[in-house]
Each structure stands twice: as structure tokens, then as C-alpha cells.
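Visitor:
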Amino acid sequence: MTTADLALCAEQDRWARELRWTVSRTGFGARQYRDPRFDLVQELEEVGRLFRA
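First residue of the sequence shown? That's 865 in this note's numbering, and the numbers climb one at a time after it.
1. I need the boundaries of the alpha helix (DSSP H) containing G912, first residue and last residue.
2. Please report how far the alpha carbon of T886 lies from the alpha carbon of R898, in whole angstroms.
3. Which first and last residues belong to the beta strand (DSSP E) in which R878 is found?
4. Taking the beta strand (DSSP E) that G891 falls in, what are its first and last residues?
Spelled out as C-alpha cells, the structure:
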């Protein structure tokens with residue numbers, strides 16, 4: 865089952881890792897891809913709110 869899952873998503877996983885995204889397996893054939901740069905955007909927005917308050 866795991867081998868089939870990895871084979872099914874191999875191309876998308878490789879592409880996401882080339883972009884330095886995180887890849888989380890959430891089930892058979894299911895993935896969650898995330899660009900970690902969004903963490904920086906969220907942190908900057910929080911800092912901006914602190915300075916406006």
C-alpha cells in the first residue's frame with residue numbers, strides 16, 4: 865500500500881520538494897503541500913498589527 869501511494873504521488877512530491885515546500889501525507893494518494901514562505905508573511909502581518917495598536 866505504501867509503495868503504491870509513493871508511486872502515485874512521486875512526481876508531485878518531487879516537484880513540491882524542488883520548490884522547497886513541505887509535503888505531508890494525509891492518506892492514500894492524499895497530500896498537503898505548503899509553501900513555508902507563508903509563515904514569514906503571517907509573522908510580518910502580526911508585527912505590523914503590533915505597531916499599529
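Cβ coordinates follow ideal geometry from the N, Cα and C atoms, glycine included. Here the structure is a predicted model, which is why all the values come from computation and not from measurement.
Guide: In brief:
1. Position 48 of the sequence shown, counting from 1, holds the residue named residue 912. First-last of the alpha helix (DSSP H) with G912: 901-916.
2. Locating residue 886 in the sequence shown gives position 22, where the first residue counts as 1. Locating residue 898 in the sequence shown gives position 34, where the first residue counts as 1. Each residue's Cα considered, the two are about 5 Å apart.
3. For the purposes of this step, residue 878 is identified with residue 14 of the sequence shown, where counting begins at 1. Taken as a continuous stretch (DSSP letters only), R878 belongs to no beta strand (DSSP E), being part of the alpha helix (DSSP H) at 866-882.
4. The count along the sequence shown starts at 1 and reaches residue 891 at position 27. Looking at the DSSP string, the run of the beta strand (DSSP E) that includes G891 is 886-891.
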